[in-house]
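**Q**
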Amino acid sequence: HYRNLWNFVRVVHEKEDDGTAVCDATSCPRMSAGANHSFTWLNSRREPVELPAHEYMTLMQRWISGKIDDLAIFPTDPSGVSFAHNPSITTTPLSQLSSPGGEPDWIGKRSGFPKNFIDVCQTIFRQMFRVYAHLYWAHFTDPFYHINLEKQLNSCFSHFVLTATALDLLKSHELEPMQPLIDMWAANGTFPP
Numbered sequence: 353h354y355r356n357l358w359n360f361v362r363v364v365h366e367k368e369d370d371g372t373a374v375c376d377a378t379s380c381p382r383m384s385a386g387a388n389h390s391f392t393w394l395n396s397r398r399e400p401v402e403l404p405a406h407e408y409m410t411l412m413q414r415w416i417s418g419k420i421d422d423l424a425i426f427p428t429d430p431s432g433v434s435f436a437h438n439p440s441i442t443t444t445p446l447s448q449l450s451s452p453g454g455e456p457d458w459i460g461k462r463s464g465f466p467k468n469f470i471d472v473c474q475t476i477f478r479q480m481f482r483v484y485a486h487l488y489w490a491h492f493t494d495p496f497y498h499i500n501l502e503k504q505l506n507s508c509f510s511h512f513v514l515t516a517t518a519l520d521l522l523k524s525h526e527l528e529p530m531q532p533l534i535d536m537w538a539a540n541g542t543f544p545p
């Protein structure tokens, strides 16, 4: 989902023949999805600040890349992270597998994922959703429809939403900016019942 989204962001950031981008500080002075949804960025003091959409998306892309590349959040060393790679699991009583030593348990713990892994993933998906919402509200017609990329955008977004909702990575209130489209897809069978 991450790579697909950045291909679409690249489309709105590419320069036109006149040297301007479709999404810049003039065309999109704030990160928004329609008139009723505006998104702020937290600065280094954790204060919300309004940014032009292109700047918000650039900062967000760096933030997500930093999280994905952080081995403490997304461990990639396969040694000892699953049943197949960790022979000691076969000799450990089942009662200790879910919570060895009486320590608190969480999804992914045995595979080396941190306690806040789900929270980090939810934040990543929330940020990615905001970008999709901005792309639809501000740029669906120009450029996506005009250069025949609307089907690809719809396909990627629908898969993103289905994944996010199936894994509870987005809450229903977070979907609000795109709810009319989501409802339409549910009604016409694009989404499974």
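Throughout, my numbering is defined as the position within the sequence shown, counted from one, plus 352. Note that CB positions come from ideal geometry on N, CA and C, so glycine has one too. Remember, it's a predicted structure, so these values are computed and weren't measured experimentally.
#1: Hey, out of Trp358, Phe426, Pro495 and Arg398, whose CA is closest to Gly460's CA?
#2: Please confirm if the stretch 353–363 is in contact with the stretch 376–392, defined as three or more CB-CB distances below 8 Å between the two stretches.
#3: With DSSP as the reference, label Ser396 as helix, strand or coil.
#4: Phe496 to Cys375, Cα distance in whole Å?
#5: Since I believe Arg478 is in contact with Met383 (beta carbons under 8 Å), could you give me their beta-carbon distance rounded to a whole number of angstroms?
#6: Please list the segments of the alpha helix (DSSP H) lying wholly inside the stretch 463–516, counting only runs of 4 or more residues, in order along the chain.
#7: Tell me the rounded alpha-carbon separation between Ser510 and Arg462.
#8: So, is Met409 buried or exposed, given that buried needs 16 or more other C-beta atoms within 10 angstroms?
#9: Strictly by DSSP, which residues pair up with Val401?
#10: Can you name, in chain order, every residue of its own chain whose Cβ lies under 7 Å from the Cβ of Met467, other than the five neighbours on each side?
#11: Pull up the distance between the alpha-carbon of Glu399 and that of Ile476, whole angstroms please.
#12: What are the boundary residues of the alpha helix (DSSP H) that includes Asn540?
#13: Would the beta-carbon of Leu521 fall within 7 Å of that of Gln474?
#14: If I measure Cβ to Cβ from Val513 and keep anything under 7 Å in the same chain, skipping five residues before and after, which residues do I get?
#15: Taking the alpha-carbon positions, what's the Val401 to Leu394 distance?
#16: Does Ser384 come out as helix, strand or coil in the three-state DSSP assignment?
#17: Leaving aside the five residues before and after Ile470 along the sequence, list all residues of the same chain whose C-beta is less than 7 Å from its C-beta, in chain order.
**A** Quick look at the numbers:
#1: Closest by alpha carbon: Phe426.
#2: No, the stretch 353–363 does not touch the stretch 376–392.
#3: Of the three classes helix, strand and coil, the one that applies to Ser396 here is coil, per DSSP.
#4: Looking at the two C-alpha atoms, the distance is approximately 12 Å.
#5: Taking 8 Å as the upper bound for CB-CB distance, Met383 and Arg478 are not in contact here, some 13 Å apart.
#6: Listed in chain order, the complete alpha helix (DSSP H) runs (minimum 4 residues) inside the stretch 463–516 are 469–491.
#7: Rounded to the nearest angstrom, the two C-alpha atoms are 31 Å apart.
#8: The residue in question, Met409, is buried, as its Cβ has 16 or more Cβ neighbours within 10 Å.
#9: Per DSSP, Trp393.
#10: Going by the sequence as given, residue 467 is Lys instead of Met. Closer than 7 Å at the Cβ level, and outside the excluded window around Lys467, lie Trp458.
#11: Taking the Cα positions, Glu399 is about 19 Å away from Ile476.
#12: Annotation: the continuous alpha helix (DSSP H) that includes Asn540 extends over Gln531 to Asn540.
#13: Less than 7 Å divides the Cβ of Leu521 from the Cβ of Gln474.
#14: Cβ neighbours of Val513 beyond the five flanking positions: Ile534.
#15: Distance between the alpha carbons of Val401 and Leu394: 6 Å.
#16: In this structure, Ser384 counts as strand in the three-state DSSP scheme.
#17: Closer than 7 Å at the Cβ level, and outside the excluded window around Ile470, lie Ile459.
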